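Protein chains in written order, with the numbering used here: chain A, -1 to 105; chain B, -1 to 105.
There are 2 protein chains.
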Amino acid sequence: MQIPANDLNLNAMRVAADRTCGLLKTLSNRDRLLLLCQISQGERCVSELETALDIHQPTLSQQLGVLRDEGLVSTRREGKWIYYSIASKEALAVIEVLYHQYCRPPQ
Amino acid sequence: MQIPANDLNLNAMRVAADRTCGLLKTLSNRDRLLLLCQISQGERCVSELETALDIHQPTLSQQLGVLRDEGLVSTRREGKWIYYSIASKEALAVIEVLYHQYCRPPQ
DNA sequence: TTTACATTATATTAATTAGTATTATATTGA
DNA sequence: TCAATATAATACTAATTAATATAATGTAAA
């Protein structure tokens, strides 16, 4: 049975698009974007993020949980504090472009 | 009344995050990603996209409508055909990074 | 070692708002 | 009248989020 090369390409493209979509959906939330933006500048503990972004603690924890589940961040405990850092090069690459497009100061 | 500088920054960050989120949500769909990927390689008419991606015509038209509404693509009519091209530099920049992260051949 | 407190995570629920495929039909141009 | 594309309407299937309460873990002090 012959499968036209175009079908193989299309299937590969669909798989790649689905994976890409996964990342994009995880990024598609204001709080998560702000969190990743902070964490991408260096390791941050939860209370630092709470102060910097003024997000309620349970919301913060919930959204950090999403980022953990999706493998975008990793954690390190130090006493009472838990420090978050970026764990996905793909996410970091996208965050950086988004920063350049939407957050870079004019000029 | 004094507004701490941090609040101004935070507000600006929220506005930027919301705009960014808008783009990300529009990109967070397999069909739309595939469409943008094709169109980013050069102007395409609807029937070309339909053949290349094997997406039903009404679905195609619906998703192209989303991309138009969000300003990600623009159109040009030529007789019976309507040609689509990328109209957002922000979208193009993101698509390019995504391609490098998820679609570039190994090595 | 018990108590208390600080930090963070989880569970639950309520409220809201959505994404998608499908079918049918309309529009526009040749 | 046919080809290309868009729109409308519907039906399906559910996803996101905020809020409240509580649990878990670690530290420090009484």
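All residues carry an ideal CB built from backbone N, CA and C; glycine is no exception. All of these numbers come straight from a predicted model, not from anything done at the bench.
Host beta strand (DSSP E) of residue i (start-end)
{"i": "R30 of chain A", "result": "Per DSSP, R30 of chain A belongs to no beta strand (DSSP E); it is in the alpha helix (DSSP H), 28 to 37."}
{"i": "S72 of chain B", "result": "71 to 76"}
{"i": "S83 of chain A", "result": "79 to 84"}
Residue i, enclosing alpha helix (DSSP H) - first and last residue
{"i": "R66 of chain B", "result": "55 to 67"}
{"i": "S45 of chain B", "result": "44 to 51"}
{"i": "E88 of chain B", "result": "87 to 100"}
Closest Cα partner of residue i within the set the options
{"i": "Y97 of chain A", "options": "A:D52, A:L65, A:Q39, A:I80", "result": "A:Q39"}
{"i": "L65 of chain B", "options": "B:R75, B:L51, B:D29, B:I53", "result": "B:D29"}
{"i": "I84 of chain B", "options": "B:P56, B:E68, B:M11, B:N27", "result": "B:E68"}
{"i": "L31 of chain B", "options": "B:L62, B:P103, B:Q55, B:E41", "result": "B:L62"}
{"i": "I80 of chain A", "options": "A:N27, A:L47, A:A14, A:S26", "result": "A:L47"}
{"i": "A10 of chain A", "options": "B:L51, B:V92, B:T57, B:K87", "result": "B:L51"}
{"i": "L70 of chain A", "options": "A:I37, A:N4, A:P104", "result": "A:I37"}
Contacts of residue i in chain A (Cβ-Cβ under 7 Å)
{"i": "D52 of chain B", "result": "L8"}
Proximal chain A residues relative to residue i, where beta-carbon distance stays under 8 Å
{"i": "V44 of chain B", "result": "None at all; the shortest Cβ gap to chain A is about 17 Å."}
{"i": "D67 of chain B", "result": "Those within 8 Å of D67 of chain B in chain A number zero; the least Cβ separation is about 17 Å."}
Chain-ordered neighbours of residue i on chain B, where CB pairs are closer than 8 Å
{"i": "A91 of chain A", "result": "V95, H98, Q99"}
{"i": "A85 of chain A", "result": "What A85 of chain A touches in chain B: nothing, since even the nearest Cβ is about 14 Å away."}
Residue i, buried or exposed, once every other Cβ within 10 Å from all chains shown has been counted against 16
{"i": "A89 of chain B", "result": "buried"}
{"i": "Q55 of chain B", "result": "exposed"}
{"i": "R75 of chain A", "result": "exposed"}
Under 7 Å from the C-beta of residue i: neighbouring residues of chain B
{"i": "T18 of chain A", "result": "L31, L96, Y100"}
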